[in-house]
Amino acid sequence: MTSDRGAATVEAAIIMVALMVVLTLVVGALMAVTDQMRCTDAAREAARLAARGEVDRGRTVAAGLAPRGADILIRRDGDAVSVEVHADALGGIHLQADAHVIAEPGTSA
1 MTSDRGAATV EAAIIMVALM VVLTLVVGAL MAVTDQMRCT DAAREAARLA ARGEVDRGRT
61 VAAGLAPRGA DILIRRDGDA VSVEVHADAL GGIHLQADAH VIAEPGTSA
């Protein structure tokens, strides 16, 4: 008859490692979702302010809302204002958000 002594300890150790891996993946996914929401908020606010003619303020506000190191691109083509926010999350996941609005009458680029 073989001894099962220590089998429970080994099984518990394997389960703990598996739980830590799953927990790490869940936390990473939540951080990526949070950063994506921050990119979306930054793009929306920058577009709203740029449509009112406050492009510099829009860029400043977007930089405060977006994840650290995000790239913010504000473009105006006639009456159309578009904003793109690009950022990298943990694990090399590329995040991007766009916002498009029509400029308010009487505003300029």
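The sequence shown runs contiguously to residue 109 in UniProt numbering. Backbone N, C-alpha and C define an ideal beta-carbon position, used for all residues, glycine too.
Look at arginine 75 here: in three-state DSSP terms it is strand. A direct Cα-to-Cα measurement between histidine 94 and valine 10 gives close to 38 Å. Of Leu90, Gln96 and His100, the smallest CA-CA separation from valine 26 is found for Leu90. Put simply, the backbone Cα of valine 55 is about 45 Å away from that of methionine 20. Runs of alpha helix (DSSP H) with 4 or more residues, each lying fully within the stretch 18-74, are found at 55-65, listed in chain order. Judged by their CB atoms, alanine 70 and valine 83 are not nearer to each other than the 8 Å cut-off. Listed in chain order, the non-local C-beta contacts of alanine 99 below 6 Å within the same chain comprise Ala43, Arg44, Ala47 and Val83, local neighbours out to five positions each way being set aside. DSSP places leucine 90 outside any beta strand (DSSP E), giving it a letter other than H or E. Looking at the backbone, the Cα of leucine 23 and that of aspartate 35 are separated by about 18 Å.
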